[in-house]
Structure formats: C-alpha cells, structure tokens
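Trainee: Structure incoming, see below.
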Amino acid sequence: MDLSAEWWTTSDVAAYLGVKVATVSNYRKREQMPAPDLTVGRTHMWRPSRIIAWHDSRPRPGVGGRPVPGRASGSGSG
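If you read the sequence shown in UniProt numbering, its first letter stands for residue 1, the second for the next number, and so on.
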C-alpha cells in the first residue's frame with residue numbers, strides 16, 4: 001500500500017461533489033458510490049482518481065432517464 005498517495009476523506013469528497021458530508025455518508029451506506037479504499041478507525045478514505053472517475057460516469061440531471069409526466073419532450077414555449 002502506498003501511504004504517500006493523496007487520500008480524500010468524506011469531507012474532501014463532499015467538497016469535490018458540492019454536497020454535504022451527510023450526503024456522502026448516505027451514498028456510502030447505500031452503496032451508491034465506491035467503497036472506501038482505506039478505513040483508519042472511523043475515517044473513510046478514497047483515492048481521488050476513483051472518486052473523480054465515479055463522478056464523471058454518473059448520469060447528469062436532464063440526461064437520460066424517463067420523461068417527466070405532463071411535459072412534452074422537445075417542445076418549447078415561445
């Protein structure tokens with residue numbers, strides 16, 4: 001294990017994602033994000049490259065998914 005590598009804590013991941021620490025904790029508990037690469041005591045840590053790759057692969061709002069009921073796709077007003 002390379003201990004000289006840069007690690008991100010839950011707080012670092014939250015800052016990168018622009019969400020609250022509680023949101024990252026919920027993602028982790030629900031297995032909606034990569035499992036920590038390292039846990040020391042109660043501190044979970046990830047390699048930044050894993051979080052960045054995971055985040056880049058996530059669907060973005062408004063991309064894909066099911067259409068919203070009551071909204072016609074491709075129609076604009078005006």
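The beta carbon of each residue, even a glycine, is placed where N, CA and C say it ideally should be.
1. Taking buried to mean at least 16 other C-beta atoms within 10 Å of its own C-beta, is methionine 1 buried or exposed?
2. Using three-state DSSP, classify valine 19 as helix, strand or coil.
3. How far does the alpha helix (DSSP H) with proline 7 in it extend, from its first residue to its last?
4. Between glycine 70 and threonine 43, what straight-line distance do the alpha-carbon atoms span, to the nearest angstrom?
5. Taking leucine 38 as the reference, give the member of Arg50, Ala15, Trp54 with the closest Cα.
Mentor: Walking through what the data contain:
1. Any reading at methionine 1 is ruled out, since the residue's pLDDT is 34, under 50, leaving its predicted position unreliable.
2. Here valine 19 sits in coil by DSSP.
3. The amino acid occupying residue 7 in the given sequence is tryptophan; proline does not appear at that position. Annotation: tryptophan 7 is outside any alpha helix (DSSP H) and is labelled neither H nor E by DSSP.
4. 45 Å
5. Arg50
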